[in-house]
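*Asks:* Okay, handing you the structure first.
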Amino acid sequence: METVSTKTLDLEFMMENGDTDTISLPDYLPDVTKEQIVAAADIVIAQNIFKPDGFAYQKLKGYEFIDKTRLGYRPVGEFRQCGYKFGRWYNMLWMEKHIGAHQSNQPRVKAFEEVWEELEAQYE
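Per our numbering, the sequence shown starts with residue 474, numbered consecutively.
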């Protein structure tokens, strides 16, 4: 697999219901300015395209530049030229992060019914 960028620009939006939602933009331009980010967020809000759970975006709460390789993720796949916007084709990168040890005798996951009574007593 060729070298791919693992840097993203995460935009966090406030929604109509008071919750927040984040859009991750991979392969952002290295010299993007705050003004460009705010203008792009205003366009996303004005277009009214994203409505997670039926609630529209109201305003940009904040943004953050993230290098996912520093967070323990690694690239495992890439869809080449799967999205087209503003006269440019974009790739989609799939990444993984192991969150637990891989054991030779992996314990089974308990069914909800098996843990329900114990949890119910704990939260009464």
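Here a beta-carbon is modelled for each residue, glycine too, at the ideal position from N, C-alpha and C. The structure presented is a predicted model; accordingly, all values stated were derived computationally and were not measured.
(1) With respect to the alpha helix (DSSP H) encompassing Val511, which residues constitute its N-terminal and C-terminal limits?
(2) Thinking C-beta only, is Leu484 closer than 8 Å to Arg501?
(3) Specify the secondary structure class of Phe585 as computed by DSSP and reduced to three states.
(4) By how many angstroms is the C-alpha of Tyr530 removed from the C-alpha of Trp589?
(5) Distance, Cα to Cα, Lys606 vs Asp515?
(6) So, at 8 Å on beta carbons, what are the nonlocal neighbours of Val477 in its own chain, with the 5 sequence-adjacent residues on each side left out?
(7) Starting from Glu569, trace the beta strand (DSSP E) in both directions and tell me its first and last residue.
(8) Around the C-beta of Thr506, are 16 or more other C-beta atoms found within 10 angstroms, so that it is buried, or is it exposed?
(9) If you follow the beta strand (DSSP E) that Phe598 is in, where does it begin and where does it stop?
*Replies:* Once the coordinates are examined:
(1) Per DSSP, the continuous alpha helix (DSSP H) segment holding Val511 begins and ends at 507 to 520.
(2) According to the sequence as given, residue 501 is Tyr; it is not Arg. Their beta carbons are not under 8 Å apart, which means Tyr501 does not touch Leu484 by this criterion.
(3) Under the three-state reduction of DSSP, Phe585 is assigned to helix.
(4) For Trp589 and Tyr530, the distance between alpha carbons rounds to 37 Å.
(5) No answer is possible for residue 606: the residues shown for the chain start at 474 and end at 597.
(6) Interpretation of Val477 is limited by its pLDDT of 48, a score under 50 that renders its predicted location unreliable; no figure is taken from the coordinates.
(7) 561 to 569 is the extent of the beta strand (DSSP E) around Glu569.
(8) Around the CB of Thr506, fewer than 16 other CB atoms lie within 10 Å, so the residue is classed as exposed.
(9) Nothing in the structure corresponds to residue 598, since the chain is present only between 474 and 597.
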